[in-house]
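Residue numbers (the working numbering): 2 to 163.
By construction, the Cβ of each residue, glycine as well, lies at the ideal position given by its N, Cα and C atoms.
Beneath this line is the structure, given in structure tokens, with notes to follow.
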Ligand SMILES: [Ca+2]
Ligand SMILES: [Ca+2]
């Protein structure tokens with residue numbers, strides 16, 4: 002008499018295929034997680050850069066367009082140091098590394114970032130046309146924020162001397 006046993010469980014091939022599929026899924030999940038982390042990191046860096054642009058914007062908001070004492074005699078820093086800056090062109094050509102706050106104080110918590118400031122007089126009819134220092138009533142400020150020497154945010158805005 003022949004005894005027939007019913008097969009139960011999985012064959013070796015089925016187990017190997019299932020293991021392979023689980024492994025491929027795990028690799029895909031890890032890759033997606035890594036890509037997500039990189040995107041989150043880039044987003045955080047960009048947010049920091051925008052914050053640092055805003056610090057310069059706030060600082061210059063309270064500064065005069067031309068020096069309160071010297072007027073248009075000098076383009077650049079008339080004071081002995083930046084702590085005493087009192088007009089916008091005092092910041093021209095400055096690089097702040099570590100970056101500075103709206104009060105001009107170093108922000109040591111961002112050591113890999115720096116702020117570069119350019120101040121230029123531009124045409125009153127074309128803000129993209131740079132003219133001679135103090136030769137127009139319009140000043141354009143450009144702030145670039147870099148991280149490890151890579152520029153990641155730039156912003157320009159206009160101030161008028163009226
Ligand atoms: Ca000044
Ligand atoms: Ca000045």
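query: Per the contact definition of three or more C-beta pairs closer than 8 Å, is the region 120-133 in contact with the region 26-33?
result: no
message: Strictly closer than 5 Å from CB to any heavy atom of ligand 1: give me those residues in the order they appear in the chain.
response: 68, 79, 87, 88 and 91
task: Out of 63, 94, 118 and 95, state which residue places its alpha-carbon closest to the alpha-carbon of residue 104.
output: 63
Status (buried if at least 16 other CB within 10 Å, exposed otherwise) for residue 100: buried
- prompt: What are the uninterrupted segments assigned as beta strand (DSSP E) that are 3 or more residues long and contained completely in the region 120-148, given in chain order?
  reply: 139-148
- prompt: What is the DSSP secondary structure of residue 161, reduced to helix, strand or coil?
  reply: strand
message: According to DSSP, simplified to helix, strand and coil, what is residue 67?
response: coil
message: If contact is defined by three or more beta carbon pairs under 8 Å, each pair taking one atom from either stretch, is the region 132-143 in contact with the region 105-112?
response: no
- prompt: Between which two residues does the alpha helix (DSSP H) containing residue 32 stretch?
  reply: 13-62
- prompt: From this set, 55, 22 and 130, which residue's C-alpha is nearest residue 146's C-alpha?
  reply: 55
- prompt: Buried or exposed: residue 48, going by 16 or more other Cβ atoms within 10 Å of its Cβ?
  reply: exposed
field: Beta-carbon spacing of residue 160, residue 67 below 7 Å
entry: no
field: Candidates 115, 61 and 140, of which the one nearest residue 126 by Cα
entry: 140
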